[in-house]
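Asker: Just so you know, the sequence shown maps onto residues 261 to 729 in this note's numbering. All residues carry an ideal CB built from backbone N, CA and C; glycine is no exception. In this text, all values refer to a predicted model and were calculated from it rather than measured experimentally. My structure is below; once you've seen it, I'll send some questions.
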Amino acid sequence: MGIGYKVWGIQLAAVRVPALAAYLVVLALTFVLGRRVAGDWAGLLAALFAALHPTMAVQSSMGMMDSLMIALTLGGAWFLLRTDDSPRFFAGWGLCCGLALLTKGPGAVPILPVSLLYLLVARRSTFRQPWFYAALAGGLVLAGIWFGSQFLLNHDAFVKPYYSDIVGYRLKHSWTDTALYLKSVSYLWASWGGVAPLFFGAFVLPWLWMRGPAARGARDATLLVALAGAVPLVMVSLVRQQMSWYMLPAVPPMAIIAAWLTTRLLQRSAPLTLRLVAGALLAAGVWLPNVYARPTAWPALVCVLAAVSMLAAVGRREAWQRLSGAAFGLGLAAALTGSLSLQNPHVTVMRLRDSSEIRVIAQRLGAVTPTGNPLVVNFRHYKLNSLMFYAHQDSVQLKDFCQQPIAPGARYLGVLAGGECREFLRGLAVESLGEYAGYELVVIQNSSTEPVTPGLPPNVPAGEAADEL
Numbered sequence: 261m262g263i264g265y266k267v268w269g270i271q272l273a274a275v276r277v278p279a280l281a282a283y284l285v286v287l288a289l290t291f292v293l294g295r296r297v298a299g300d301w302a303g304l305l306a307a308l309f310a311a312l313h314p315t316m317a318v319q320s321s322m323g324m325m326d327s328l329m330i331a332l333t334l335g336g337a338w339f340l341l342r343t344d345d346s347p348r349f350f351a352g353w354g355l356c357c358g359l360a361l362l363t364k365g366p367g368a369v370p371i372l373p374v375s376l377l378y379l380l381v382a383r384r385s386t387f388r389q390p391w392f393y394a395a396l397a398g399g400l401v402l403a404g405i406w407f408g409s410q411f412l413l414n415h416d417a418f419v420k421p422y423y424s425d426i427v428g429y430r431l432k433h434s435w436t437d438t439a440l441y442l443k444s445v446s447y448l449w450a451s452w453g454g455v456a457p458l459f460f461g462a463f464v465l466p467w468l469w470m471r472g473p474a475a476r477g478a479r480d481a482t483l484l485v486a487l488a489g490a491v492p493l494v495m496v497s498l499v500r501q502q503m504s505w506y507m508l509p510a511v512p513p514m515a516i517i518a519a520w521l522t523t524r525l526l527q528r529s530a531p532l533t534l535r536l537v538a539g540a541l542l543a544a545g546v547w548l549p550n551v552y553a554r555p556t557a558w559p560a561l562v563c564v565l566a567a568v569s570m571l572a573a574v575g576r577r578e579a580w581q582r583l584s585g586a587a588f589g590l591g592l593a594a595a596l597t598g599s600l601s602l603q604n605p606h607v608t609v610m611r612l613r614d615s616s617e618i619r620v621i622a623q624r625l626g627a628v629t630p631t632g633n634p635l636v637v638n639f640r641h642y643k644l645n646s647l648m649f650y651a652h653q654d655s656v657q658l659k660d661f662c663q664q665p666i667a668p669g670a671r672y673l674g675v676l677a678g679g680e681c682r683e684f685l686r687g688l689a690v691e692s693l694g695e696y697a698g699y700e701l702v703v704i705q706n707s708s709t710e711p712v713t714p715g716l717p718p719n720v721p722a723g724e725a726a727d728e729l
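Shown next, in the form of C-alpha cells:
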C-alpha cells in the first residue's frame with residue numbers, strides 16, 4: 261500500500277490494487293491445494309469455483325485485509341502439506357502464520373488451531389521435529405510485533421472486544437443463542453446460491469469414498485483443507501458481532517472439496533451412491549428462494565439435468581455412466597451461472613459501498629482550521645475507515661473520549677452520527693458546523709482553566725459514568 265500511495269497518491273487505487281493482488285494469490289493457492297488433493301483438473305475447478313463466488317469478489321475490491329489473510333492462511337496450509345517432503349517447509353508455515361496474524365490480528369488466529377489439529381490427527385510424529393518448534397516460535401515472534409506494539413502504544417492488545425464477546429456474553433449470559441452460532445454459516449450458505457446444498461454436502465462426501473492406503477495422501481490433504489474451512493466458522497460463532505465477510509476463509513476450502521467431488525463424478529468409476537446423492541443435492545438447490553437471478557426456465561434446466569444424471573447413473577453400461585457425468589457437469593455449470601450473480605442481493609451478502617457522503621464530510625472538515633487532535637466519532641468499521649482515509653486524520657471513539665480528562669484549551673473536531681450525543685460532552689463547549697447525511701460536524705473545546713472529564717457528571721463515580729456511556 262505504501263508503494264501504491266507513492267504511485268497513485270491518496271486514492272482508492274492505492275488500496276484496491278494490493279487487495280486485488282492478494283485475491284489473485286488466493287485463487288492461485290486454491291488451484292495449488294486443489295491439485296494436491298485430486299489432480300490438475302480439480303485445482304482448476306477449485307480456482308474457478310472460488311473466482312465465481314460473488315461475495316469474495318466484492319470483498320477483494322474494497323481494500324480490506326481479509327484477502328491477504330486468506331492467502332497467507334492457504335500458503336501456510338500448502339507449506340504444512342509439503343513438510344512430508346522435507347521438515348524445512350515448516351519455516352514457510354511459520355512465516356505464513358506469523359504474517360497472517362500480523363495482517364489481520366485476531367481474525368487470523370484460527371490458522372494455529374487448524375494446523376495443530378491437523379498435526380495431532382494425521383501427523384503426530386511432527387511434535388518430535390525441532391523444525392516445527394522453531395517455526396512456531398518464529399511465527400509467534402512475528403505476531404508479537406503487532407500485538408506487542410498495540411499493547412505498548414495503547415495498553416491494549418486489540419483482543420478486548422473479542423474477549424468481551426466470548427466471556428462477557430457467551431459465558432455469562434447465553435449459551436443458547438443458537439441463531440448467533442449459525443449467523444456466519446447462514447451467510448456462507450446464502451453466498452453459494454443454488455449450489456449451497458451440494459457444496460455443503462461436499463464437506464461430508466469425501467470421507468465416505470477416500471479409503472485405503474492409496475488414498476492416504478489425498479485424505480490428509482482434504483482433512484487439512486476441511487479444517488481450514490470449518491475451524492474459522494466454529495471460532496467466529498463465539499463472537500457476538502459477526503460481519504458478513506467473516507465467513508470468507510471457508511470459501512476456498514469449500515471450493516477445493518467441491519472440485520474433488522466434481523472430478524470424481526465426471527469419472528466413469530464413480531460409485532452409484534455418490535452420483536445419486538450429488539444429483540439430489542444439486543436438484544435441492546433449485547428450491548431455495550431468491551437465489552436464481554436468471555429466468556424461471558434456468559432452475560428448471562438445472563433440475564432436469566440433475567434428474568438425468570441420477571437416472572443415467574443406474575445404468576451399468578459405460579455410455580450411461582458417461583451420460584450421468586456429463587449431465588451432472590452441465591447441471592452444475594447451469595446452477596453456477598444462474599445463481600451466482602453480483603446483481604443478486606440474496607447471494608452477494610456483502611455489497612459495494614458508496615463513500616461519496618464520507619468524502620463530502622472529509623472535504624468540510626478540511627475547510628476547518630486543524631486542531632492537531634484526533635477526530636471524535638461514534639461509529640466504526642467501513643465508514644470510519646473511509647473518513648480517516650479521506651480526512652488524513654486519526655480518530656477516537658466518543659466513549660473513550662468522554663472517559664479521559666480534556667486539557668484546558670484543547671480543541672477537537674467531531675463527526676457524530678444519530679444526534680443526542682451532547683449529553684456526554686458536559687463541561688465542554690460544543691459548536692455545530694452543520695449536518696450532512698445524518699452526521700453532525702462539531703468543534704469541541706475545553707474553555708475552562710481546568711481539565712474536564714466530559715462523561716463524568718458531578719458527584720457520580722467514574723465507574724457509573726462509564727456504565728451510562
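With a 10 Å radius around its C-beta and 16 neighbouring C-beta atoms as the bar for buried, classify G262 as buried or exposed.
Answerer: That one is exposed.
Asker: Anyone know if the C-beta pair for M610 and T363 falls short of 8 Å?
Answerer: Against a cut-off of 8 Å, the Cβ pair of T363 and M610 comes out as no contact.
Asker: Check whether the Cβ atoms of E354 and L396 sit closer than 8 Å, and answer yes or no.
Answerer: Note that residue 354 is Gly in the sequence shown, not Glu. Yes, the Cβ-Cβ distance between G354 and L396 is below 8 Å.
Asker: Please state whether DSSP places V690 in a helix, a strand or coil.
Answerer: Looking at V690 - three-state DSSP - the assignment turns out to be strand.
Asker: Roughly how many angstroms separate the alpha carbons of K659 and N638, rounded to a whole number?
Answerer: C-alpha separation (whole angstroms): 8 Å.
Asker: Based on DSSP bridge pairs, tell me the residues matched to S327.
Answerer: Partner(s): none; S327 has no beta bridge.
Asker: Going by C-alpha to C-alpha distance, which of L548, P668, V702 sits closest to T713?
Answerer: Answer by Cα proximity: P668.
Asker: Is the beta carbon of A587 less than 8 Å from the beta carbon of V568?
Answerer: Yes; because the gap between Cβ atoms is below 8 Å, this pair is in contact.
Asker: Hey, quick one: how far does the beta strand (DSSP E) through A317 stretch, first residue to last?
Answerer: No beta strand (DSSP E) holds A317; the alpha helix (DSSP H) holding it covers 314-320.
Asker: From V494 to Y441, what distance separates their C-alpha atoms?
Answerer: Whole-angstrom Cα-Cα distance: 8 Å.
Asker: I need the DSSP call for G575, collapsed to helix, strand or coil.
Answerer: Coil.
Asker: Tell me whether I405 is buried or exposed, calling it buried when 16 or more other Cβ atoms sit within 10 Å of its Cβ.
Answerer: Per the 10 Å Cβ criterion, exposed.
Asker: So Y650 is in the alpha helix (DSSP H); what residue range does that whole segment cover?
Answerer: Per DSSP, Y650 belongs to the alpha helix (DSSP H) from 641-651.
Asker: Would a C-beta distance cut-off of 8 Å place A510 and L458 closer than the cut-off?
Answerer: Result no, Cβ atoms of A510 and L458 do not sit closer than 8 Å.
Asker: State the DSSP-derived secondary structure class of Y699, mapped to helix, strand or coil.
Answerer: The answer is strand: DSSP assigns Y699 an E or B state.
Asker: Contact defined as beta carbons within less than 8 Å: I believe V551 pairs with S599. What is the distance between those atoms, to the nearest angstrom?
Answerer: Indeed, because the Cβ distance is near 5 Å, the residues count as touching under 8 Å.
Asker: Going by the DSSP bridge assignment, what does Y672 pair with across the sheet?
Answerer: Y672 is bridged to I704.
Asker: With L532 and A573 assumed to form a contact (beta carbons below 8 Å), what rounded beta-carbon distance in angstroms separates them?
Answerer: With a Cβ gap of about 6 Å, L532 and A573 count as contacting.
Asker: Of all the options L334, L571, Y265, Q705, which has the alpha carbon lying nearest to the alpha carbon of L487?
Answerer: Ranking the options by Cα distance to L487, first place goes to L334.
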